[in-house]
């Protein structure tokens, strides 16, 4: 009981994720700033932002559905934190795992996007509604290539459990190279999930102010932002677990350091991508995902199926 | 013969009464005053037969006894033709040139708002550039215009300041 | 609202896409724009009326404040009209200096636009880069005129400051840096795939439509119209330099980007030519306080297109009528046309692509400051150092970065 409490609230649960998520936000902002030839924020900036938002008044628009409006940030945070429990961090074994937890994680990661939609829709502001519709439309575009590439990796490992996948790739460190195509596609699709440039269409500030979050402020916005930061960590960890060689049969603390390095690498790639691209239009994004990424993801599935046949 | 003289000649041939009215101020600047009755006719000819394909601006003037409107027409080679017509002060009205240039819309609204010149044939639309609560019969670019009690912002900062002082006291 | 599936979105009067208060009401069907309604006039400040109540010299400074970016354009245009009425022939050096400042202003305006365009399509890196490089030209402007934005260099009958010989080298050095950077941006514009995707085919304005709607400036030139007042109706020293009128056949936002970037290269060449030929002599001649009766129309190629001023004098020291037709007013009509059947996502960049300046468009009233009558003269360099020191105290020290940048640029 106590152990479960520790896992959920302290490590690798809420408290650890809180710091790690905000650190990830700092890294993302700092790297992006340096790439853009700016100084960037000091390390405590995300913490300061969070605290400041906590101290502000919550304003719920008169037209909005109060329950949904207030519930959504909490739901988003819960879903992302829960998803993290199934991803291995300390050693190559996650805190909780069973055969099929990969699917659970993917669906838990689907919930935040759904909360952006619902939160935006029930804000009843025009900008929020357009943003909400955009995040949902975008979801249907990037989910397919993302799921397919993860499926491909899982096929090669012959398991539906993240921990076992990690074990498998730790045992066969050379195999990750076969998944390189899948990794690239998954990384770019994840920019859609994280709503970052070039796929920050739902929040395009020059068109629809802040999209879903236009009406959010104070503690609710703080929670939403925290959940987005944590989401970044979770998806980076997911990519690390699914695609990158993880444990390599090292002691647990060394695995943890390896895990951190991999997550930072992925965050760096995300920041790099978001500073070298312009924002795409929704139709262009859907085109890109369906015309190029989805077939390429299928190709990855095919490669892995053949590979599995050859190797076994 | 320079370009400007050619324009002058061609116009004088078609509109003999304009012969002395066309003034070539300098290279690329031609001024012409026409009576309101002939304005549309001359304008039509300039646009349709003399390639004046761009309306650079419309200026409204208050000349004291009358109001005036200047159409600044230009064409390639940068000759600027300034066609001026005078309107009576009591009931100034002029035909819209939006059938020729849809971009004239905004300049004509300016004439309506700032000088109170009626533009016949101008489609409905927002007023420009004055605020929506500006009085309908108040035309600030006329020479005899004075800020009135009902002019928005008439009291301006002074009233705000005295109100604040009143609150403080 | 929900019956037809159409949504009405108000863009403005306050909106992050707009740097100035203007209102666009967009009707959307899905992501497509079905109707578009412009309402401008929020920035009307009655400048034209105010001009009638001030002397010519006061008006020069008032007109300069019509717009924050093309301030030199408006003041030059106004001064030219007044000089034409008064029959003042300018000293050659004054003409050259005016032209140099005009071109520097064009550089600063185009670089600013490039950054804004990048921001509107979500490419913030371009914004940061372009605005960093813009500082080079801002510093040159401050060096030559003493001000970064409202230069205050024009006066009736000449210019108020001479260009010192030792500053010419600085300007030329800046031009070399900027030329290299501009070539890099042209490479970016032609090579960066997401940027091209967002810019090309967006905001189409065909040659015929551009003629019909009376577009001016880079907007017209990107539709293939060779329309440039500097070339067609040369003023100041433009008749003494050679330059190309840049046109493009793309007819879209991409074309407008290319036109502006290539124009920058022309600007550098014009400035080099002018500095090389800069004649000796006085920079100003005495102008009468009372301008004789008359009228004149003056045209000027502002960074955004043709600027037109009509001035009418009545023999007193105040003008009878000043009419300002800024370039945005001529281009705003084209925007509604460009936005037909386009996407909401394209709206910001299409509006930005004409480089709108609504302050210009609506004109204004000057603010009278009642208190700050301080007569302190603070040198620009001191102000700059103060600023750097202040920021250092706040914890952001740029000196290491600046050194590194300077080293990179030298290389």
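Chains as they are written, first to last, in the working numbering: chain A, 2 to 313; chain B, 13 to 181; chain C, 8 to 418. From the three backbone atoms N, C-alpha and C, an ideal C-beta is built for every residue, glycine too.
Residue i - containing beta strand (DSSP E), residue span
{"i": "residue 317/C", "result": "312–320"}
{"i": "residue 94/B", "result": "92–100"}
{"i": "residue 72/B", "result": "66–74"}
{"i": "residue 40/C", "result": "39–46"}
{"i": "residue 107/B", "result": "105–107"}
Three-state class that DSSP yields for residue i in the structure shown
{"i": "residue 384/C", "result": "Bear in mind that the predicted position of residue 384/C carries a pLDDT of just 48, short of 50, making it unreliable; the figure below should be weighed with that in mind. Residue 384/C falls in the coil class under three-state DSSP."}
{"i": "residue 174/A", "result": "helix"}
{"i": "residue 207/C", "result": "coil"}
{"i": "residue 80/B", "result": "strand"}
{"i": "residue 21/A", "result": "helix"}
{"i": "residue 324/C", "result": "coil"}
{"i": "residue 159/C", "result": "coil"}
{"i": "residue 329/C", "result": "strand"}
{"i": "residue 88/A", "result": "coil"}
{"i": "residue 373/C", "result": "Only weak support exists for where residue 373/C lies, its pLDDT of 28 falling under 50; the coordinates are left without a value."}
{"i": "residue 356/C", "result": "helix"}
{"i": "residue 302/C", "result": "strand"}
{"i": "residue 229/C", "result": "coil"}
{"i": "residue 165/C", "result": "strand"}
{"i": "residue 171/C", "result": "coil"}
{"i": "residue 210/A", "result": "coil"}
{"i": "residue 310/A", "result": "helix"}
{"i": "residue 8/A", "result": "helix"}
Residue of the options minimising C-alpha distance to residue i
{"i": "residue 302/C", "options": "131/B, 158/B and 71/B", "result": "71/B"}
{"i": "residue 43/B", "options": "14/B, 85/B, 144/B and 66/B", "result": "85/B"}
{"i": "residue 219/C", "options": "341/C, 78/C, 362/C and 93/C", "result": "341/C"}
{"i": "residue 146/C", "options": "124/C, 130/C and 182/C", "result": "182/C"}
{"i": "residue 318/C", "options": "13/C, 309/C and 305/C", "result": "305/C"}
{"i": "residue 108/C", "options": "45/C, 150/C and 132/C", "result": "150/C"}
{"i": "residue 131/A", "options": "298/A, 283/A and 309/A", "result": "283/A"}
{"i": "residue 155/B", "options": "101/B, 117/B, 61/B and 35/B", "result": "101/B"}
{"i": "residue 47/C", "options": "113/C, 338/C and 211/C", "result": "338/C"}
{"i": "residue 127/A", "options": "33/A, 215/A and 305/A", "result": "215/A"}
{"i": "residue 186/A", "options": "11/A, 270/A and 77/A", "result": "270/A"}
{"i": "residue 239/C", "options": "40/B, 128/B and 28/B", "result": "40/B"}
{"i": "residue 281/C", "options": "178/C, 311/C and 270/C", "result": "178/C"}
{"i": "residue 193/C", "options": "116/C, 261/C, 311/C and 357/C", "result": "261/C"}
{"i": "residue 292/C", "options": "235/C, 168/C and 199/C", "result": "168/C"}
{"i": "residue 143/C", "options": "80/C, 115/C, 256/C and 83/C", "result": "115/C"}
{"i": "residue 127/C", "options": "14/A, 7/A and 281/A", "result": "281/A"}
Boundaries of the alpha helix (DSSP H) in which residue i is found, first to last residue
{"i": "residue 288/A", "result": "283–289"}
{"i": "residue 288/C", "result": "Note, residue 288/C: premise wrong, no alpha helix (DSSP H); not H, not E."}
{"i": "residue 97/A", "result": "Note, residue 97/A: premise wrong, no alpha helix (DSSP H); not H, not E."}
{"i": "residue 5/C", "result": "Any property of residue 5/C remains undetermined from this structure, which presents chain C solely from 8 to 418."}
Chain B contact for residue i (CB, 9 Å cutoff)
{"i": "residue 221/C", "result": "yes"}
{"i": "residue 181/C", "result": "no"}
{"i": "residue 281/C", "result": "no"}
Closer than 9 Å to chain C by CB, residue i
{"i": "residue 15/B", "result": "no"}
{"i": "residue 74/B", "result": "yes"}
{"i": "residue 226/A", "result": "no"}
{"i": "residue 281/A", "result": "yes"}
{"i": "residue 71/B", "result": "yes"}
{"i": "residue 103/B", "result": "no"}
{"i": "residue 128/A", "result": "yes"}
{"i": "residue 61/B", "result": "no"}
{"i": "residue 36/A", "result": "yes"}
{"i": "residue 39/A", "result": "yes"}
{"i": "residue 207/A", "result": "yes"}
{"i": "residue 82/B", "result": "yes"}
Min CB distance residue i to chain A below 9 Å
{"i": "residue 372/C", "result": "Bear in mind that a pLDDT of 31 at residue 372/C, under 50, signals an unreliable position, so the number given afterwards is only what the model happens to contain. By this cut-off, residue 372/C is not an interface position."}
{"i": "residue 135/C", "result": "yes"}
{"i": "residue 363/C", "result": "no"}
{"i": "residue 118/C", "result": "no"}
{"i": "residue 304/C", "result": "no"}
| query | What residue ranges within the region 82–151 of chain C form continuous alpha helix (DSSP H) runs of no fewer than 4 residues, ordered along the chain? | reply | 99–127
Near-chain D residues of the region 129–154 of chain B - C-beta to any C-beta below 8 Å:
Considering every chain present, this structure includes no chain D. Its protein chains are A, B and C.
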